[in-house]
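Shown next, in structure tokens, is the structure this report addresses.
In our numbering, the protein residues as written are 22 to 179.
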């Protein structure tokens, strides 16, 4: 069994005047949410083998807080995660098919639509993924990522 963990960034500060969306930091609430997400992953023994993270400041800060709870894991900043569609995310995950437990740290609507697409087969059938929400999808080994190919084995939010 392979697992794909989707982690949405925690609450971020609104953009200051002239500030790029990529540069928005986590709020104090968001930092607490990210730390709680890390504790939940650690308690449930869901430490990823590899993490691909959006380059935005809020996703990087979310990941840093999570790593504080789970310890260091292989990680890479992946520009294509920012503003990604489910198709882009599937393509990215497919390039890491050898990873037993892959975690993507990114944004909505891409993450929630990806979870819905892999679980139910329809990207429009999503219920929402709150800030710092985690979806854990289980896939049979050797099975390609495609609509309806995964089982939603856990869903958590702070």
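Using N, Cα and C, we set each Cβ at its ideal position, and we do this for glycine too.
Computed from a prediction, not measured in an experiment: that's the story for all the values here.
The beta-bridge partner set that DSSP reports for residue 177 consists of 155. In the three-state DSSP reduction, residue 95 falls in the strand class (E or B). At the C-beta level, residue 46 and residue 34 come within 7 Å of one another.
For residue 108, the enclosing alpha helix (DSSP H) has its first and last residue at 107-115.
By the Cβ rule, the region 82-93 does not count as touching the region 109-120, because fewer than three pairs are nearer than 8 Å. A contact between stretches requires three or more CB pairs, one per stretch, nearer than 8 Å, and the region 98-109 meets this requirement with the region 128-144. For residue 45, there is no enclosing alpha helix (DSSP H), as DSSP marks it with neither H nor E. Taken in chain order, the complete alpha helix (DSSP H) segments of 4 residues or longer contained in the region 50-96 are 78-91. For the region 117-148, the continuous beta strand (DSSP E) assignments of 3+ residues that do not extend past its boundaries occur at 122-127, in sequence order.
Distances from the CA of residue 58 to each of 32, 130, 101 were compared; the closest alpha carbon is that of 32. For a cut-off of 8 Å, the C-beta gap from residue 122 to residue 69 is around 5 Å, short enough to register as a contact.
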